[in-house]
Amino acid sequence: MSTNAPEFRLSGAHALAGIESALKSEFRLEEESETRFDHVYYDSFDWRLYQAGAYLRREFEKDRRHLIMSGLGDDSPKESVAFTGDMPRFYWDFPESVLKENISDILDIRALLPLFELRGVSRSFRMLDDARKTVLRVQLKQGSTYDAQGRMGTHVDGIVRLVPVRGYEKFLRKVSRFLTAEMELVAVTGSLFDELLASIGKVPSDYSSKLDFWFTPDMYSEAVARHIHLHLLDTIESNIPGTRDDLDSEFLHDLRVAVRRTRSALTQIKGVFPEDVVERFKPRLGWLGQITGPTRDMHVYLLAFEEYRDSLPERYRRDLDPLHRFLLVHQRTEHEKMVKQMESEEFLQTLADWRSYLVSPDPGASALPNTRSAVSETAGKRIYKIYSRVLDEGLAITDESPPESLHELRKNCKKLRYLIEFYRSIYPEKDVKPAIRALKILLDNLGLFQDLEVQALKLQEFAHQMGKEGEVPPDTLLAMGMLVDGLMKRQHQARHRFGQRFALFADKENRDHFKRMFSQGKVKQAA
Amino acid sequence: MRIIGVYNIKGGVGKTATAVNLAFLSAQEGHRTLIWDLDPQAAATFYLRVKPKIKGGSRKMFRGKRELDGLIKGTDFENLDLLPAEFSYRNMDLMLSERKKPARQLLRLLRPLSEQFDNVILDCPPNISLVSENIFRAADALLIPTIPGTLSIRAYHQLLDYLRENKVRGVDLMPFFSMVDRDKHLQAEVMQDMTASNPEMLSARIPYDGDVEKMGIHRAPVGEFAPQTNAWEAYRALWAEVVQRLK
Ligand SMILES: Nc1ncnc2c1ncn2[C@@H]1O[C@H](COP(=O)(O)OP(=O)(O)OP(=O)(O)O)[C@@H](O)[C@H]1O
Ligand SMILES: [Mg+2]
Chain A
-10 MSTNAPEFRL SGAHALAGIE SALKSEFRLE EESETRFDHV YYDSFDWRLY
40 QAGAYLRREF EKDRRHLIMS GLGDDSPKES VAFTGDMPRF YWDFPESVLK
90 ENISDILDIR ALLPLFELRG VSRSFRMLDD ARKTVLRVQL KQGSTYDAQG
140 RMGTHVDGIV RLVPVRGYEK FLRKVSRFLT AEMELVAVTG SLFDELLASI
190 GKVPSDYSSK LDFWFTPDMY SEAVARHIHL HLLDTIESNI PGTRDDLDSE
240 FLHDLRVAVR RTRSALTQIK GVFPEDVVER FKPRLGWLGQ ITGPTRDMHV
290 YLLAFEEYRD SLPERYRRDL DPLHRFLLVH QRTEHEKMVK QMESEEFLQT
340 LADWRSYLVS PDPGASALPN TRSAVSETAG KRIYKIYSRV LDEGLAITDE
390 SPPESLHELR KNCKKLRYLI EFYRSIYPEK DVKPAIRALK ILLDNLGLFQ
440 DLEVQALKLQ EFAHQMGKEG EVPPDTLLAM GMLVDGLMKR QHQARHRFGQ
490 RFALFADKEN RDHFKRMFSQ GKVKQAA
Chain B
-17 MRIIGVYNIK GGVGKTATAV NLAFLSAQEG HRTLIWDLDP QAAATFYLRV
33 KPKIKGGSRK MFRGKRELDG LIKGTDFENL DLLPAEFSYR NMDLMLSERK
83 KPARQLLRLL RPLSEQFDNV ILDCPPNISL VSENIFRAAD ALLIPTIPGT
133 LSIRAYHQLL DYLRENKVRG VDLMPFFSMV DRDKHLQAEV MQDMTASNPE
183 MLSARIPYDG DVEKMGIHRA PVGEFAPQTN AWEAYRALWA EVVQRLK
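These protein sequences, in sequence, are chains A and B. Throughout the first sequence, residue numbering follows the numbering used here, covering -10 to 516 in sequence. Throughout the second sequence, residue numbering follows the numbering used here, covering -17 to 229 in sequence.
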């Protein structure tokens, strides 16, 4: 287990049959099995396993189904577990095992989706010593890859794999030497996984919900803005199929974040798009946010449900069952409604129009003040302006201020955060990080304050809605009332902490830092 | 790393059969599993097709001059490794008594393996000795195969007395019925009585079954050569219950 299993690739000149007879004439091999194998490789849409240096494959061999997680570096199996029934989609569908524990941290709430399939024939031989003890396994494999739609990718000529048995490594060395010296095979270095991925045209890590731009300070502001928007539009579009098929809740979440960022960029990046273009697209993009909102709400409550339930004393927990059923039913109906909208002419046309605007030159834009100015000049100015607004608004908030003033502040903080994230790459990373961190502490507080309020109100709304739809047991309403109470208490605590959080954000050190970076334009120096 | 001892004061009750079969089940579930054959008779080592060590090295081991790590052998099964028995284990009592803290030597030796294995299963020799006291102190759980009969009940009580007198705590006792013969009516009565007075008794039972005996012919766990059988079903149920109890 601890030693890895070297693999040898057959080049065109060799035939697997030739290798087999050569090995047999030299060593005592006993055929263990000949199996058709069918391996499907999985990862989440955003490549979480790959990012963690691993991959997962489902093996069908004879009547056995296995899930095996391997390391990317050398394809060495790390954990495996047998399963019955359907392929697990989420970590919580896995049978209890070490693999489940490991994968839960990596996958979190994302679903496993098939990447490609490797089908073929594998013959396994045990190499025996004089006591007929297995001291090494030799596998001869041949197969082809297929993409998720079943199209063939490439033929894998032949692989000889040696699986050592602990304490008997000398046999591994013996056979390795024989294969390289006598048979002149070449040991595979690194992982086959990347090669197989490439064979069906997949590029690892081709999707991430994080923004990762590479702008330089001297780029034109308009080019940068178009680039930001095109990236966000790509994100929106690539999340549509998974949202429509409800593969997991993160598709819709990422889609909505990209819409929100788009809307923020559209209004916050000034002087690069003509006013009428901005006015035309603002409501249409806003509509994308509206039609996806109700389904997201249901996801939020379903994801938080266990936490809600566990926040109640044991004996009240079952009383929330009707709420859970309500959420499930409404999640389904809201999702259906949303899908209808997403298939509508208006939806498709909005995205098509937006893309066509972004990719074609706009003669009207050249008359605008900022199109041809370097992004280093426009970005900092805009960021500093919003930053100053945040400071002013925050300083004006006292213990008596109404909740709305905090909500308003949150809005501007978010604008500020998006702007900094868009332009992050033109600033030295070591300077951006503390700015974002300072902002995040404040935003977390404001976010909590508002989200808890919204959740409490929503629960109230649900209670009324449930009443309209049928009998609701009074115990259920009571339990929901307890939830609302808990949420409001926590909201109160968040409000209580605001002053201190804001003071941290607005302290002199941070103020100087923001000023240096954005007002005095401390951008990256050209290399 | 969880350490599970399979022990009974009495010999020939199915300890080794249990240790080998449960270790195989643990490995099949994906847990990195080690079975340590502590019995110089080397039955578990034999079942797993490994040669026992002839040359005595265990004194060096207890003196810390040789680590367990280098002695481990892969079996014919994935995730299942074996620490083979050594003939020098015959003198293990003596070697243990030469050490400081003689009752805690096994635990000391096993500790460095905790990163490598999820489950360690100890196949123990019968009798009460310094070796068995080491096992009691190292194990998280002690599986006690018990053939239903008055003698077995007495043996179990002897063990309980010993543990109490020597203040061994923190080990989860899991006695279960082994080699249960359905045709013997006396056994049924004994099992009822013993279950009633010992609630810690597991409910899974291993029948007396020819397939278990065949382990010696195949030199493999039952699940390897006879997976679709009553005997294997019984071991699976036993393992499931043990896992449940360990949680
Ligand atoms: N459930 C069973 N049905 C039939 N035979 C069994 C069963 N369990 C064990 N045996 C057989 O009984 C004999 C003793 O079993 P085993 O070696 O497992 O017991 P043990 O307690 O380890 O013995 P020892 O004390 O000698 O180490 C072996 O020949 C074994 O094949
Ligand atoms: Mg034995």
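Glycine residues also receive a C-beta, built at the ideal position from the N, C-alpha and C atoms.
Put residue i into one of helix, strand or coil per three-state DSSP.
{"i": "Asn(-10)(B)", "result": "coil"}
{"i": "Leu124(B)", "result": "strand"}
{"i": "Thr211(B)", "result": "coil"}
{"i": "Arg273(A)", "result": "helix"}
{"i": "Glu(-4)(A)", "result": "strand"}
{"i": "Val113(B)", "result": "helix"}
{"i": "Phe159(B)", "result": "strand"}
{"i": "Met(-10)(A)", "result": "Any reading at Met(-10)(A) needs caution, since the residue's pLDDT is 38, under 50, leaving its predicted position unreliable; the model's value is listed next. Three-state DSSP puts Met(-10)(A) in coil, outside helix and strand."}
{"i": "Glu158(A)", "result": "helix"}
{"i": "Trp518(A)", "result": "No statement about residue 518(A) is possible, as the shown extent of chain A runs from -10 to 516 and does not include it."}
{"i": "Trp18(B)", "result": "strand"}
{"i": "Ala176(A)", "result": "strand"}
{"i": "His144(A)", "result": "strand"}
{"i": "His200(B)", "result": "helix"}
{"i": "Thr57(B)", "result": "coil"}
{"i": "Arg115(A)", "result": "strand"}
{"i": "Lys250(B)", "result": "Outside the shown range of chain B (-17 to 229) lies residue 250(B), about which nothing can therefore be said."}
State the CB to CB distance for the pair residue i and residue j, rounded to an integer number of angstroms; the pair is presumed to be in contact (CB under 8 Å).
{"i": "Trp18(B)", "j": "Leu104(B)", "result": "5 Å"}
{"i": "Leu174(A)", "j": "Val213(A)", "result": "Going by Cβ atoms, the distance from Leu174(A) to Val213(A) rounds to 52 Å, so no, they are not a contact pair."}
{"i": "Ala56(A)", "j": "Phe72(A)", "result": "Inspection of the sequence shows that residue 56(A) is occupied by Leu rather than by Ala. So it is a contact: roughly 6 Å between Cβ atoms."}
{"i": "Gln480(A)", "j": "Phe438(A)", "result": "6 Å"}
{"i": "Met172(A)", "j": "Ile425(A)", "result": "The pair is not a contact, with the Cβ atoms about 56 Å apart (cut-off 8 Å)."}
{"i": "Tyr71(B)", "j": "Leu30(B)", "result": "Contact doesn't hold; Cβ gap of about 16 Å is too wide."}
{"i": "Phe491(A)", "j": "Gly383(A)", "result": "5 Å"}
{"i": "Val364(A)", "j": "Phe204(A)", "result": "6 Å"}
{"i": "Lys511(A)", "j": "Pro206(A)", "result": "Actually they are not in contact, since the Cβ atoms of Lys511(A) and Pro206(A) sit about 10 Å apart, beyond 8 Å."}
{"i": "Leu309(A)", "j": "Ala495(A)", "result": "At roughly 41 Å, the Cβ-Cβ gap does not stay under 8 Å, so Leu309(A) and Ala495(A) are not in contact."}
List, in order along the chain, the chain B residues whose C-beta lies closer than 7 Å to that of residue i?
{"i": "Ser69(A)", "result": "Gly12"}
{"i": "Gly156(A)", "result": "Ile54, Lys55, Gly56"}
{"i": "Glu122(A)", "result": "Note on residue identity: the sequence assigns Lys, not Glu, to residue 122(A). In chain order: Arg31, Val32."}
Kindly list, in the order they appear in chain B, the residues whose Cβ is closer than 8 Å to that of residue i.
{"i": "Ser86(A)", "result": "Glu11, Gly12, His13"}
Should residue i and residue j be called a contact, given that it needs their Cβ atoms to be closer than 7 Å?
{"i": "Val127(A)", "j": "Leu107(A)", "result": "no"}
{"i": "Ser445(A)", "j": "Asn499(A)", "result": "Rather than Ser, the amino acid found at residue 445(A) in this sequence is Ala. Contact flag unset, no."}
{"i": "Thr134(A)", "j": "Leu185(A)", "result": "yes"}
{"i": "Gly353(A)", "j": "Pro263(A)", "result": "yes"}
{"i": "Met58(A)", "j": "Glu68(A)", "result": "yes"}
{"i": "Phe99(B)", "j": "Arg227(B)", "result": "no"}
{"i": "Ala186(B)", "j": "Leu155(B)", "result": "no"}
{"i": "Asp32(A)", "j": "Leu125(A)", "result": "no"}
{"i": "Ala67(B)", "j": "Pro34(B)", "result": "yes"}
{"i": "Ala452(A)", "j": "Leu466(A)", "result": "yes"}
{"i": "Tyr297(A)", "j": "Leu472(A)", "result": "yes"}
{"i": "Leu5(A)", "j": "Gly147(A)", "result": "yes"}
{"i": "Ala176(A)", "j": "Phe34(A)", "result": "no"}
{"i": "Ile(-14)(B)", "j": "Ala123(B)", "result": "yes"}
{"i": "Arg113(B)", "j": "Met77(B)", "result": "Inspection of the sequence shows that residue 113(B) is occupied by Val rather than by Arg. Cβ distance not < 7 Å, so Val113(B) and Met77(B) don't count as in contact."}
Can you pull the chain A residues whose beta carbon is under 7 Å from the beta carbon of residue i, in chain order?
{"i": "Asp100(B)", "result": "Val87"}
{"i": "Asp63(B)", "result": "Arg155"}
Using only the heavy atoms of ligand 4, determine whether one of them is closer than 6 Å to the beta carbon of residue i.
{"i": "Tyr31(A)", "result": "Looking for ligand 4 in the displayed structure turns up nothing; the ligands present are ligand 1 and ligand 2."}
Do three or more CB pairs link the segment 192 to 207 of chain B to the segment 125 to 138 of chain B at distances below 8 Å?
No, the segment 192 to 207 of chain B is not in contact with the segment 125 to 138 of chain B.
Touch check for the segment -6 to 12 of chain B and the segment 93 to 110 of chain B: three-plus C-beta pairs under 8 Å?
Taking 8 Å as the limit for Cβ pairs, the verdict is that the segment 93 to 110 of chain B does touch the segment -6 to 12 of chain B.
So, does the segment 335 to 344 of chain A touch the segment 269 to 281 of chain A, judging by three or more C-beta pairs under 8 Å?
They touch, by the three-pair rule.
If you pair each beta-carbon of the segment 287 to 297 of chain A with each one of the segment 371 to 379 of chain A, do three or more pairs fall below 8 Å?
Segments in contact, no.
If you pair each beta-carbon of the segment 7 to 23 of chain A with each one of the segment 108 to 120 of chain A, do three or more pairs fall below 8 Å?
Because the criterion of three Cβ pairs below 8 Å is met, the segment 7 to 23 of chain A and the segment 108 to 120 of chain A touch.
Three CB pairs or more closer than 8 Å across the segment 449 to 463 of chain A and the segment 311 to 320 of chain A
Under the 8 Å Cβ criterion, the segment 449 to 463 of chain A counts as touching the segment 311 to 320 of chain A, having at least three qualifying pairs.
Does the segment 211 to 230 of chain A come into contact with the segment 354 to 363 of chain A, if we say contact requires no fewer than three beta-carbon pairs (one atom in each stretch) closer than 8 Å?
Flag = yes, the segment 211 to 230 of chain A and the segment 354 to 363 of chain A touch.
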